[in-house]
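In this note's numbering, the protein residues as written are 60 to 283.
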């Protein structure tokens, strides 16, 4: 799946930076953010309690996530179940590794890259500058959408809508693809699996093969 490709890219980057990390594997469950958002509170409570117990048993102190939805849930909702671990978004870690000199890109990506602010990473978690600083270290030109930062346009995947099939022409992502075309961007960079999936779906439906949708971890991995 798309999320697995992003995770593999991040693993490659962490290894290149000499970061010591582990993966729990199939014992770990979904954070169940979507479960709670669509009204499945019993599902959320069950999965979340299971994860809290598992992390305690494994001695987990810090969890690196590629999804802002996981970040929000781990930081703001898991503490009510007694969770005591730290949750960090991968762009927060990547900017530290780059600026500490532990990650040294061997080249810069040519072309124009536009960064799409995920709702949960930006508006909800106040992570705006870290992804941009990472991109500035690995690309030759970064441009801004007119609707960015706190005013960023939603990809259409929040609130459980990632699981709904939205007809072509009614997708929020279609508007973002049009925005990217107006900027003459070669790539839309983002930092959320939901955004990546939704924007790719719109891009495919609109038939623009020249525009790429990439997670920041994938772009960093390409520069190693």
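Using N, Cα and C, we set each Cβ at its ideal position, and we do this for glycine too.
Under DSSP, the alpha helix (DSSP H) around residue i begins and ends at which residues?
i, result
"residue 65", "61-75"
"residue 104", "100-117"
"residue 154", "149-158"
"residue 280", "275-281"
Could you tell me which of the options sits nearest to residue i, measuring between CA atoms?
i, options, result
"residue 87", "109, 98, 67", "109"
"residue 190", "212, 156, 93", "156"
"residue 141", "115, 90, 246, 211", "115"
"residue 175", "92, 147, 207", "207"
"residue 164", "186, 194, 171", "194"
"residue 80", "107, 69, 99", "69"
"residue 91", "137, 60, 179", "137"
"residue 276", "250, 82, 98, 260", "250"
"residue 261", "121, 82, 230, 279", "230"
"residue 173", "268, 281, 100, 245", "245"
"residue 160", "75, 60, 263, 198", "75"
"residue 254", "181, 199, 103, 281", "181"
"residue 269", "280, 283, 279, 236", "236"
"residue 179", "130, 105, 199", "130"
"residue 139", "67, 103, 177, 66", "103"
"residue 247", "225, 224, 202, 210", "202"
"residue 210", "72, 101, 239, 177", "177"
"residue 212", "238, 225, 263", "238"
Is it buried or exposed, residue i, if we count other Cβ atoms within 10 angstroms and call 16 or more buried?
i, result
"residue 151", "buried"
"residue 85", "exposed"
"residue 60", "exposed"
"residue 77", "exposed"
"residue 95", "buried"
"residue 8", "Nothing can be reported for residue 8: it is not among the residues displayed for the chain, which extend from 60 to 283."
"residue 134", "buried"
For residue i, does the three-state DSSP call read helix, strand or coil?
i, result
"residue 92", "helix"
"residue 206", "coil"
"residue 183", "helix"
"residue 238", "helix"
"residue 189", "helix"
"residue 199", "strand"
"residue 169", "strand"
"residue 256", "helix"
"residue 243", "coil"
"residue 139", "helix"
Output yes or no for whether 8 Å exceeds the beta carbon distance between residue i and residue j.
i, j, result
"residue 125", "residue 149", "yes"
"residue 204", "residue 242", "yes"
"residue 216", "residue 272", "no"
"residue 184", "residue 233", "no"
"residue 282", "residue 192", "no"
"residue 146", "residue 122", "yes"
"residue 197", "residue 279", "yes"
"residue 97", "residue 252", "no"
"residue 199", "residue 158", "no"
"residue 328", "residue 153", "The shown model of the chain, from 60 to 283, leaves out residue 328, and the question about it has no answer."
"residue 113", "residue 82", "no"
Would you give the residue range spanned by the beta strand (DSSP E) that residue i belongs to?
i, result
"residue 247", "246-249"
"residue 123", "121-124"
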